[in-house]
Amino acid sequence: MQAKIEIIHVVQVAGTSRKTGNDYDIRNAQCVVRDPDPETGEVQPRIGVLSLPVRYKDLPKGVYRVEFDAAVATNGRIVSEVADIKPWDAAAAGAPVRKVMVEILGVLPRSGFSKKTLKDYSMLFAECIVHKADRDTGLVSLLVGELLVPERFKDIVPGMYAVEFEIAISQDKRIGGRVADMTLQQSAARTAAPASRSPSAAPASAAAVTVPPASVASAGVAAKAGS
Numbered sequence: 516m517q518a519k520i521e522i523i524h525v526v527q528v529a530g531t532s533r534k535t536g537n538d539y540d541i542r543n544a545q546c547v548v549r550d551p552d553p554e555t556g557e558v559q560p561r562i563g564v565l566s567l568p569v570r571y572k573d574l575p576k577g578v579y580r581v582e583f584d585a586a587v588a589t590n591g592r593i594v595s596e597v598a599d600i601k602p603w604d605a606a607a608a609g610a611p612v613r614k615v616m617v618e619i620l621g622v623l624p625r626s627g628f629s630k631k632t633l634k635d636y637s638m639l640f641a642e643c644i645v646h647k648a649d650r651d652t653g654l655v656s657l658l659v660g661e662l663l664v665p666e667r668f669k670d671i672v673p674g675m676y677a678v679e680f681e682i683a684i685s686q687d688k689r690i691g692g693r694v695a696d697m698t699l700q701q702s703a704a705r706t707a708a709p710a711s712r713s714p715s716a717a718p719a720s721a722a723a724v725t726v727p728p729a730s731v732a733s734a735g736v737a738a739k740a741g742s
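Residue numbering for the sequence shown follows our numbering, beginning at 516 and increasing consecutively.
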């Protein structure tokens, strides 16, 4: 999604980290988000703070078009990061949105009781390989992490997906991205027939499905052809 954001003011936060001993220089943009509602088209301005990448640290005030990409945090979670910031152009608002290729290996449910909210929770996490393309060279690097799957995509199956991020504002007013759309590009290969088991046996986990290498699959086809 291409988010329309008005930057009102940029605050510099600099110093030395007590944890790493390294100097840091962070630019936080105080913003007004002016995205239209996808269903009604009505614009409800929202405020938030956007952490600017180093290459945009000297960005002046103005209205911009922001796109998000995928990154992997230190805790292994797949999160969003700013991929591109350009001056807002109404004519370019309908341009193709940036999508990230994500290979989902399996989906694991997690539930429990939150000490923070004092409520039960139930979430789905997809174990993924992110195929991240460099914005300058186009070279693709692979990142491994867990992606929080929105409820509306709870029935996804292993495979390659084109993932689109939309803008989101957290409770602490931090501007980031969340999964807006997941489009299946290619289903994962499955073994031809599962091993027989007794009716009382537990069903196999989706994450335990073995995907045979291409060479093994090809050998199997050749063997059948020669018999």
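Positions of the beta carbon are idealized from the N, C-alpha and C atoms, including for glycine.
Between which residues of its own chain and I619 is the CB-CB distance below 7 Å, once the five residues before and five after are set aside?
A641, C643, I671, P673, G674 and Y676
Using 8 Å as the threshold, is the C-beta distance between G691 and G591 below it?
no
Helix, strand or coil: which one does DSSP assign to V622?
strand
Alpha carbon to alpha carbon, what distance is there between K572 and R712?
With a pLDDT of 45 at R712, under the threshold of 50, the modelled position of that residue is not reliable, and no figure is offered here.
Run the CB neighbour count on C526, radius 10 Å, all protein chains shown included, and call it buried at 16 or more, exposed below.
Per the sequence shown, the amino acid found at residue 526 is Val instead of Cys. Its Cβ having fewer than 16 others within 10 Å, V526 is exposed.
What alpha helix (DSSP H) runs, 4 residues minimum, are completely inside the segment 612 to 687?
none
Should V678 and L658 be called a contact, given that it needs their Cβ atoms to be closer than 8 Å?
no
Sort out for me which residues DSSP pairs T531 with in a bridge.
D538
Kindly indicate which three-state DSSP category E582 falls into: helix, strand or coil?
strand
Assuming E582 contacts C546 (C-beta within less than 8 Å), just tell me the rounded distance between them.
E582 to C546, Cβ: 15 Å. No contact.
Measure the alpha-carbon distance for V664 versus A586 and round it to whole angstroms.
15 Å
With DSSP collapsed to three states, give me the class of R570.
helix
Looking at R667 and A598, is the spacing between their C-beta atoms short of 8 Å?
no
Distance between R580 and P718 (C-alpha atoms, nearest Å)
Residue confidence is low: P718 scores 42 on pLDDT, short of 50, so the model does not pin down where it sits. Its coordinate-derived value is still stated next. Each residue's alpha carbon lies about 47 Å from the other.
According to DSSP, is T589 part of a helix, a strand, or is it coil?
coil
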